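Accompanying notes for the structure given below.
2 protein chains.
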Amino acid sequence: MITTSCKNKEELQKKYESMLQRYEALKLEGLKLDMSRGKPSKLQLDLVSDLLGVLVDPKDCIADGCDSRNYGELSGLKCAREYWAEILGCKPSQTFVGGNASLNLMYDVISKAYTHGLTDSPRPWCKEEKVKFLCPAPGYDRHFRITQSFGFELIAVEMTPDGPNMDAVERLVQDPAVKGIWCVPKYSNPQGYTYSEETVNRFANLKPAAPDFTIMWDNAYCIHEFAGEFEPFPDIISLCEAAGRPNMVYEFASTSKVTFPGAGISVMATSEANIAYQTKLLGVQTISYDKVNQLRHVRYLKDKAHTLELMKKHAAIMAPKFEMVLHMLNEELAGQGIAQWHAPKGGYFVCVAAMPGTAKRTLALCKQAGVTMTEAGATYPYGIDPQDSMIRIAPSLPPIEELEKAMQVFCTCLRLAALEKMLQD
Amino acid sequence: MITTSCKNKEELQKKYESMLQRYEALKLEGLKLDMSRGKPSKLQLDLVSDLLGVLVDPKDCIADGCDSRNYGELSGLKCAREYWAEILGCKPSQTFVGGNASLNLMYDVISKAYTHGLTDSPRPWCKEEKVKFLCPAPGYDRHFRITQSFGFELIAVEMTPDGPNMDAVERLVQDPAVKGIWCVPKYSNPQGYTYSEETVNRFANLKPAAPDFTIMWDNAYCIHEFAGEFEPFPDIISLCEAAGRPNMVYEFASTSKVTFPGAGISVMATSEANIAYQTKLLGVQTISYDKVNQLRHVRYLKDKAHTLELMKKHAAIMAPKFEMVLHMLNEELAGQGIAQWHAPKGGYFVCVAAMPGTAKRTLALCKQAGVTMTEAGATYPYGIDPQDSMIRIAPSLPPIEELEKAMQVFCTCLRLAALEKMLQD
Numbered sequence: 077m078i079t080t081s082c083k084n085k086e087e088l089q090k091k092y093e094s095m096l097q098r099y100e101a102l103k104l105e106g107l108k109l110d111m112s113r114g115k116p117s118k119l120q121l122d123l124v125s126d127l128l129g130v131l132v133d134p135k136d137c138i139a140d141g142c143d144s145r146n147y148g149e150l151s152g153l154k155c156a157r158e159y160w161a162e163i164l165g166c167k168p169s170q171t172f173v174g175g176n177a178s179l180n181l182m183y184d185v186i187s188k189a190y191t192h193g194l195t196d197s198p199r200p201w202c203k204e205e206k207v208k209f210l211c212p213a214p215g216y217d218r219h220f221r222i223t224q225s226f227g228f229e230l231i232a233v234e235m236t237p238d239g240p241n242m243d244a245v246e247r248l249v250q251d252p253a254v255k256g257i258w259c260v261p262k263y264s265n266p267q268g269y270t271y272s273e274e275t276v277n278r279f280a281n282l283k284p285a286a287p288d289f290t291i292m293w294d295n296a297y298c299i300h301e302f303a304g305e306f307e308p309f310p311d312i313i314s315l316c317e318a319a320g321r322p323n324m325v326y327e328f329a330s331t332s333k334v335t336f337p338g339a340g341i342s343v344m345a346t347s348e349a350n351i352a353y354q355t356k357l358l359g360v361q362t363i364s365y366d367k368v369n370q371l372r373h374v375r376y377l378k379d380k381a382h383t384l385e386l387m388k389k390h391a392a393i394m395a396p397k398f399e400m401v402l403h404m405l406n407e408e409l410a411g412q413g414i415a416q417w418h419a420p421k422g423g424y425f426v427c428v429a430a431m432p433g434t435a436k437r438t439l440a441l442c443k444q445a446g447v448t449m450t451e452a453g454a455t456y457p458y459g460i461d462p463q464d465s466m467i468r469i470a471p472s473l474p475p476i477e478e479l480e481k482a483m484q485v486f487c488t489c490l491r492l493a494a495l496e497k498m499l500q501d
Numbered sequence: 077m078i079t080t081s082c083k084n085k086e087e088l089q090k091k092y093e094s095m096l097q098r099y100e101a102l103k104l105e106g107l108k109l110d111m112s113r114g115k116p117s118k119l120q121l122d123l124v125s126d127l128l129g130v131l132v133d134p135k136d137c138i139a140d141g142c143d144s145r146n147y148g149e150l151s152g153l154k155c156a157r158e159y160w161a162e163i164l165g166c167k168p169s170q171t172f173v174g175g176n177a178s179l180n181l182m183y184d185v186i187s188k189a190y191t192h193g194l195t196d197s198p199r200p201w202c203k204e205e206k207v208k209f210l211c212p213a214p215g216y217d218r219h220f221r222i223t224q225s226f227g228f229e230l231i232a233v234e235m236t237p238d239g240p241n242m243d244a245v246e247r248l249v250q251d252p253a254v255k256g257i258w259c260v261p262k263y264s265n266p267q268g269y270t271y272s273e274e275t276v277n278r279f280a281n282l283k284p285a286a287p288d289f290t291i292m293w294d295n296a297y298c299i300h301e302f303a304g305e306f307e308p309f310p311d312i313i314s315l316c317e318a319a320g321r322p323n324m325v326y327e328f329a330s331t332s333k334v335t336f337p338g339a340g341i342s343v344m345a346t347s348e349a350n351i352a353y354q355t356k357l358l359g360v361q362t363i364s365y366d367k368v369n370q371l372r373h374v375r376y377l378k379d380k381a382h383t384l385e386l387m388k389k390h391a392a393i394m395a396p397k398f399e400m401v402l403h404m405l406n407e408e409l410a411g412q413g414i415a416q417w418h419a420p421k422g423g424y425f426v427c428v429a430a431m432p433g434t435a436k437r438t439l440a441l442c443k444q445a446g447v448t449m450t451e452a453g454a455t456y457p458y459g460i461d462p463q464d465s466m467i468r469i470a471p472s473l474p475p476i477e478e479l480e481k482a483m484q485v486f487c488t489c490l491r492l493a494a495l496e497k498m499l500q501d
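Which chain is which? The protein sequence lines are A and B, in order.
Heads up, the first sequence is in our numbering, so the first residue is 77 and it goes up one at a time.
Heads up, the second sequence is in our numbering, so the first residue is 77 and it goes up one at a time.
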């Protein structure tokens, strides 16, 4: 896959010195650039700031006879549930609209599984001798950390361009201690892969040994194309229902990358039995979520068609950044056998597989030159990339001029680390 | 306390028949009135709806160099922490500003204690053989339900006009299985009692056997006077610090009854060590809370002085309702030995102690006549009032005309239930 070109040591040493010179020059610039997190840019925030003004008249706060300003409607405003059902392709009765963070809804599901069990659990997971959780890797560090925080054993599953290695998944779920799996099915974090139809169907038709095995289907980038048209995607909920395990999947989404990352609305979608079960448990912790913000969002986003139009405007801001990243990777790293990557059509990341054993070193070099990236290893369970190879690039936050500079630094550091490694070997 | 007057059976029977007639007449009116929950009224919601329009310009979304629209600042915007510190009389570094529900922050503390333990816990509470929790009763049903949902044993502690019976509390905390207590220190739910200075000091100086014994100090009505001036109240956090157990207390408050019940902001205040510990745990479940709404609130409420002015306007709406309730109770029930109550100066409730054995019957009669009240027993652990006596009246939601009618029904039902009881005995 990644092979060291046949150069003699002298040539390598020369290359290394020239790269080092370039690196030292970049270091002198005293940069302070951040490509660490999938944060929307200020331009994107400004793009959607009309959201702030769509709900200012108290008369507008009433929706379907419910005053959004007061307590009540734990599972969300009717119009908000309808909005999300259209986006996800499920029924409103299969949705639960929460607060500003889908991550919190995911945590709630895992936390409730631990303390109380899920719909089909024989007992709470804290009463199990051992709980194992599947983590397609590279994946999203915050997912892994939730299950790690409850002491579950995290099992890495190889990611392929079609999604997780389903042969491995089907084998692993035969173990009754394996209670679930994390998935980002569309534009996966960090590689930007979209699960194939076959993968999705194999998920829906899983026959795990644990009766309460749970697919955590984080559809974070369900409408987040930045290149090309919106890509329809199968509804996992009806597929699981058709396959006879309707309670096996919880799907999640939010407007964190549609409107405001810190101040959007979130949704959990699952079988009606799961909705009823979780609503009962969530009713102990809260009276209701922020329905004013739910209504504000529905008024602003309207429906799927209107939201997709807005996503085109986000794409217009995002696309040049991804093009820049991919252009730089091609210019600087292609054909040298020191890095591989996939060009995604949506999502928030580009993932570079550096020469094994060089990811940490690359990012340490970046840091010394003032460029912050997601920590090496972060995309693997326990923060340990066994190959020390995967690097996540998050191009969304910096303005494009800064991004170009940051990518110059990154590519230089990656090449320098690869040359160091080749000289050592 | 409550004594049956010495009437002969015939007189009682006559009284009963006349009361029954009055009840039947009220039933015929086909009422549909709700005094079940401490929900602010539409007038109060309209009073504060300028909140919706104070943050519409994207330029206004930046506070202390932080863009409230983006991810970050898990423990809350600086200005929001300063706002709450002034309200509660503690330091900003002792605050954590959350989402729309302080109940959720309380749940988080108990849930984390169960799954991970608290700052001074030898182990997570789920690993303890038994966890007991003190519940001053009558109290708030949602508090009790949180601890019940984790399987803790709830121990009722008698409420007095000065707060919980502290002799009992000091005795009970000698048991290392007793891990905490629920408190509503100002205008307690439902009786409207404010803890005396002595009670507060005895709380701060508790020496519980459990090193992680936790006072859940729900200061829900900290600025919620509806009669008279704002009453200053001691800062429990510095008192616990001075007494040498700084990590023993978590205080909570929210704007649920200042701005919008479903769409306000909440705060948790505690020692800096506890803030650091909880921030680490909460950082697993969420990236940040809704800072746009935090900023919207700070812009609208400004500071303590300005907020207290607003609370005067709430009081102007609330006071006539409480006066009506107390007037009706006096007119209909005083001096008959069938009910007792306290006239509170703040909070959201009036609590009536009916003749033992008549609370359930009273509320069943109310229901048949179309008046919904908080379920009998709800203010006691496990929903069981051993005396079947306490009834919580929530006068805030209905318009005053409806309230008068509802109170007519309530008083009639209570008298009818008392007469039935006296005829049986």
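Glycine is no exception: its CB is placed at the ideal position from the N, C-alpha and C atoms.
Remember, predicted model here, so these are calculated numbers, not experimental data.
(message) Does the structure place the region 484 to 498 of chain A close enough to the region 93 to 113 of chain A that three or more beta carbon pairs sit under 8 Å?
(response) yes
(message) Just to confirm the assignment, what range does the beta strand (DSSP E) spanning W258 (chain B) have?
(response) First-last of the beta strand (DSSP E) with W258 (chain B): 254 to 259.
(request) Give a yes or no on whether the C-beta atoms belonging to P266 (chain B) and F425 (chain B) are separated by under 7 Å. (result) yes
(request) Could you work out which residues of chain A lie near A339 (chain B), taking near to mean beta carbons separated by less than 8 Å? (result) S144, R145, D366, K367, V368, N369
(request) Compare the C-beta of V185 (chain B) with all C-beta atoms of chain A and state if any pair is closer than 7 Å. (result) no
(message) Using CA atoms only, rank isn't needed, just tell me which of B:Q170, B:D143, B:A161 is closest to D325 (chain B).
(response) Checking the displayed sequence, the identity of residue 325 (chain B) turns out to be Val instead of Asp. Checking every option, the nearest Cα to that of V325 (chain B) belongs to B:Q170.
(request) Could you tell me which chain A residues have their CB closer than 8 Å to the CB of P116 (chain B), listed as they occur along the chain? (result) N146
(request) Kindly indicate if chain B contains any beta-carbon less than 7 Å away from that of V343 (chain A). (result) no
(message) 7 Å is my cut-off, CB to CB: does D288 (chain A) come that close to chain B?
(response) Residue contact with chain B for D288 (chain A): absent (no Cβ-Cβ distance below 7 Å to any residue of chain B).
(message) According to DSSP, is M344 (chain A) part of a helix, a strand, or is it coil?
(response) strand
(request) Indicate whether at least one CB of chain A lies closer than 7 Å to the CB of N176 (chain B). (result) yes
(request) Return no unless some Cβ of chain B is closer than 7 Å to the Cβ of G453 (chain A). (result) no
(message) Checking 7 Å against the spacing of the C-beta atoms, do A445 (chain B) and V428 (chain B) come in under that value?
(response) Going by C-beta atoms, A445 (chain B) is not nearer than 7 Å to V428 (chain B).
(request) Could you pull out every unbroken alpha helix (DSSP H) segment of at least 4 residues lying fully inside the region 293 to 356 of chain A, listed in chain order? (result) List check, alpha helix (DSSP H) in window: 312 to 318.
(request) Specify the secondary structure class of K212 (chain B) as computed by DSSP and reduced to three states. (result) Sequence inspection shows Pro at residue 212 (chain B); the Lys mentioned does not correspond to that position. P212 (chain B) falls in the strand class under three-state DSSP.
(request) Let me know the alpha helix (DSSP H) ranges lying completely inside the region 225 to 294 of chain B, each 4 residues or longer, listed in chain order. (result) 242 to 248, 273 to 280
(request) Decide if the region 338 to 348 of chain A is in contact with the region 99 to 119 of chain A; the criterion is three or more beta carbon pairs, one per stretch, under 8 Å apart. (result) no
(message) Any beta carbon from chain B within less than 7 Å of T362 (chain A)'s own beta carbon?
(response) yes
(message) Tell me the DSSP secondary structure of A161 (chain A) in three-state form.
(response) helix
(message) By alpha-carbon positions, which one of A:K167, A:K85, A:L109 ends up nearest to M483 (chain A)?
(response) Closest option to M483 (chain A), judged by alpha-carbon separation, among A:K167, A:K85, A:L109: A:L109.
(request) Name, please, each residue of chain A whose Cβ falls closer than 7 Å to the Cβ of N125 (chain B). (result) Checking the sequence, you will find Ser at residue 125 (chain B) rather than Asn. Result: P134.
(message) Tell me the DSSP secondary structure of T80 (chain B) in three-state form.
(response) Low per-residue confidence applies at T80 (chain B): pLDDT is 49, beneath 50, and the placement is therefore not dependable enough to give any value.
(request) From the DSSP output, in three-state form, read off R113 (chain A) for me. (result) coil
(request) Work out the CA separation of A213 (chain A) and K283 (chain A) for me, nearest whole Å. (result) 22 Å
(request) Starting from the N-terminal side, write out each stretch of the alpha helix (DSSP H) that is 4 residues or longer and does not extend beyond the region 170 to 220 of chain A. (result) 178 to 191
(request) Answer with yes or no whether the minimum CB distance from I222 (chain A) to chain B is below 7 Å. (result) yes
(request) Quick one: residues in its chain with C-beta nearer than 6 Å to the C-beta of G459 (chain A), no 5 flanking neighbours on either side, listed in chain order? (result) G453
(request) Please go through the same chain and pick out, in chain order, the residues whose beta-carbon is closer than 8 Å to the beta-carbon of E480 (chain B), but skip the five residues on each side of it. (result) The residues are M400, M404.
(message) Which residue marks the beginning of the beta strand (DSSP E) containing M431 (chain A), and which one marks its end?
(response) No beta strand (DSSP E) holds M431 (chain A); DSSP gives it neither H nor E.
(request) Measure the C-alpha to C-alpha separation of R113 (chain B) and M394 (chain B) and round it to an integer number of angstroms. (result) 14 Å
(request) For G129 (chain A), return the contacting residues in chain B, with the cut-off set at a CB-CB distance below 7 Å. (result) Residues of chain B passing the Cβ test: V132.
(request) Please say whether P322 (chain A) and S347 (chain A) have beta carbons closer to each other than 7 Å? (result) Yes, they are a contact pair.
(request) Return helix, strand or coil for I414 (chain A), following the three-state DSSP convention. (result) coil
(request) Could you please tell me which residues of the region 198 to 210 of chain B, in chain order, have their CB closer than 7 Å to any CB of chain A? (result) Flagged, chain order: C202.
(message) Just verifying my parser: in three-state terms, what is the DSSP assignment at C155 (chain A)?
(response) helix
(message) Give me the chain A residues within the contact set of D122 (chain B), using Cβ-Cβ distance strictly less than 7 Å, ordered along the chain.
(response) P134
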